[in-house]
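> Numbering (my numbering), first residue to last: 131 to 388.
C-beta atoms are modelled at their ideal positions from N, C-alpha and C, and glycine is treated no differently.
Everything numeric in this text was worked out from a predicted model, so none of it was measured.
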């Protein structure tokens with residue numbers, strides 16, 4: 131009886147110690163992020179953002195972000211988050227941005243998103259003009275503007291992930307069966323080309339805004355060489371999380387195997 135009570139007491143003490151440790155870590159993390167949010171707030175200033183990001187050793191050419199549709203924000207919240215991210219990308223000289231929202235609410239309204247971004251940019255850029263092009267997987271690349279684009283925004287959803295690979299596999303199998311192409315012609319380069327044209331080019335950095343590390347059906351083919359940043363503290367986009375992700379990418383060692 132006393133042995134069982136002794137073991138229970140030990141277990142209770144370990145449990146309490148672990149609870150105190152986790153709580154203290156959460157408070158330290160919250161406090162440090164609160165302070166950093168104050169120190170690194172952009173104040174809607176392109177110059178402050180450029181000052182922060184110009185120090186980085188390297189920056190992604192193509193940034194991808196996984197967003198969740200929050201119940202209290204809805205579609206308007208998603209569009210606002212997209213506008214903020216687009217503004218930060220332009221200020222940081224990142225030319226390509228992909229927004230992944232699993233259910234595809236954003237993907238249905240590329241024109242509305244583009245209009246919202248243009249309305250939002252003056253808060254950061256003032257009268258400085260920038261060209262933004264927003265597309266989804268149904269957009270026709272031939273209709274893109276010929277003048278230089280400062281930011282290209284891709285809107286994708288779950289259907290652009292595994293379903294796109296399945297459709298491509300079926301299409302290639304059908305062409306092979308009909309002897310339009312040979313099996314030797316089905317190479318990694320061909321698959322890369324087809325998936326890049328039908329979905330998105332491979333991103334350099336993926337930021338996950340969620341309490342948990344979940345890819346939520348993000349196109350798997352595009353993640354082979356992609357750096358992934360996740361911090362459970364950041365459940366929605368903030369400039370601090372954006373800058374932390376860029377800093378993490380800047381310090382990452384790229385070791386590509388052969």
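Which partner residues does residue 359 have in the DSSP bridge list?
For the purposes of this step, residue 359 is taken as residue 229 along the chain shown, with counting starting at 1. 337.
> How is the beta strand (DSSP E) around residue 260 delimited, first residue to last?
The residue given as residue 260 occupies position 130 in the chain shown. Element bounds for residue 260: n/a, residue is neither H nor E.
> Tell me whether residue 237 is buried or exposed, calling it buried when 16 or more other Cβ atoms sit within 10 Å of its Cβ.
By one-based count along the chain shown, residue 237 stands at place 107. Buried: at least 16 other Cβ atoms inside 10 Å.
> Please list the segments of the alpha helix (DSSP H) lying wholly inside the region 226-259, counting only runs of 4 or more residues, in order along the chain.
If we require 4 residues or more, the alpha helix (DSSP H) runs fully inside the region 226-259 come out as 240-250, 252-255.
> Alpha carbon to alpha carbon, how far is residue 253 from residue 296?
On the chain shown, residue 253 is found 123 positions in, with the first residue counted as 1. On the chain shown, residue 296 is found 166 positions in, with the first residue counted as 1. Whole-angstrom Cα-Cα distance: 42 Å.
> Residue 380 to residue 355, Cα distance in whole Å?
Here residue 380 is taken as the residue at index 250 of the chain shown, counted from 1. Here residue 355 is taken as the residue at index 225 of the chain shown, counted from 1. The straight-line gap from Cα to Cα measures roughly 15 Å.
> Mind checking residue 294: buried by the 16 CB within 10 Å criterion, or exposed?
Taking the first residue of the chain shown as 1, we reach residue 294 at position 164. Counting Cβ neighbours within 10 Å, residue 294 comes out buried, since at least 16 surround it.
> Report, in whole angstroms, the separation of the C-beta atoms of residue 335 and residue 190, which I expect to be a contact under 8 Å.
By 1-based counting over the chain shown, the position of residue 335 is 205. By 1-based counting over the chain shown, the position of residue 190 is 60. At roughly 4 Å, the Cβ-Cβ gap stays under 8 Å, so residue 335 and residue 190 are in contact.
> Would you kindly check if the distance between the Cβ of residue 247 and the Cβ of residue 262 is under 9 Å?
Along the chain shown, one-based indexing puts residue 262 at 132. Along the chain shown, one-based indexing puts residue 247 at 117. Cβ distance < 9 Å, so residue 262 and residue 247 count as in contact.
> Relative to the alpha-carbon of residue 233, which residue among 259, 179, 290, 203 has its alpha-carbon at the smallest distance?
If you number the chain shown from 1, residue 233 lands on position 103. Comparing Cα-Cα distances from residue 233 to each of 259, 179, 290, 203, the minimum goes to 290.
> Considering only their Cβ atoms, is the gap separating residue 358 from residue 330 smaller than 9 Å?
By one-based count along the chain shown, residue 330 stands at place 200. By one-based count along the chain shown, residue 358 stands at place 228. No.
> The alpha helix (DSSP H) spanning residue 295 covers which residue range?
Here residue 295 refers to the residue found at position 165 when the chain shown is read from its first residue. Per DSSP, residue 295 belongs to the alpha helix (DSSP H) from 292-307.
> Buried or exposed for residue 265, going by 16 or more other Cβ atoms inside 10 Å?
Taking the chain shown and counting its residues from 1, one reaches residue 265 at position 135. By the 10 Å Cβ count, residue 265 comes out buried.
> At what residues does the beta strand (DSSP E) containing residue 217 begin and finish?
By 1-based counting over the chain shown, the position of residue 217 is 87. First-last for residue 217: 204-221, but that is the alpha helix (DSSP H), not the beta strand (DSSP E).
> What is the rounded straight-line gap between the Cα of residue 240 and the Cα of residue 327?
Translated into the one-based positions of the chain shown, residue 240 becomes position 110. Translated into the one-based positions of the chain shown, residue 327 becomes position 197. One C-alpha to the other measures close to 17 Å.
> Could you check whether residue 376 and residue 222 sit closer than 9 Å to each other, using their CB atoms as the reference points?
In the chain shown, counting from the first residue as 1, residue 222 sits at position 92. In the chain shown, counting from the first residue as 1, residue 376 sits at position 246. It is a contact, given that the beta carbons lie within the stated cut-off.
> Are the CB atoms of residue 198 and residue 284 within a distance shorter than 9 Å?
Start at 1 with the first residue of the chain shown, and residue 284 comes out as number 154. Start at 1 with the first residue of the chain shown, and residue 198 comes out as number 68. In this structure, residue 198 does not lie closer than 9 Å to residue 284 by Cβ.
> Count the other CB atoms, across all protein chains shown, that sit within 10 Å of the CB of residue 216; report buried if there are 16 or more and exposed otherwise.
Stepping through the chain shown from its first residue, residue 216 is reached at position 86. Buried: at least 16 other Cβ atoms inside 10 Å.
> Using the Cα positions of residue 351 and residue 134, report the straight-line distance between them to the nearest angstrom.
On the chain shown, position 221 is the one that residue 351 refers to. On the chain shown, position 4 is the one that residue 134 refers to. Between residue 351 and residue 134, the C-alpha separation is close to 53 Å.
> Quickly, what does DSSP pair residue 285 with across the bridge? List them, please.
The residue labelled residue 285 in the question sits at position 155 within the chain shown. Its beta-bridge partners are 229, 266.
> When DSSP labels each residue in this structure, what does residue 150 get in the three-state scheme?
What you label residue 150 is simply residue 20 of the chain shown in a count that begins at 1. Helix.
> Tell me whether residue 200 is buried or exposed, calling it buried when 16 or more other Cβ atoms sit within 10 Å of its Cβ.
Sequence index remark: in the chain shown, residue 200 carries index 70 (1-based). Classification of residue 200: exposed, given that the 10 Å Cβ count is below 16.
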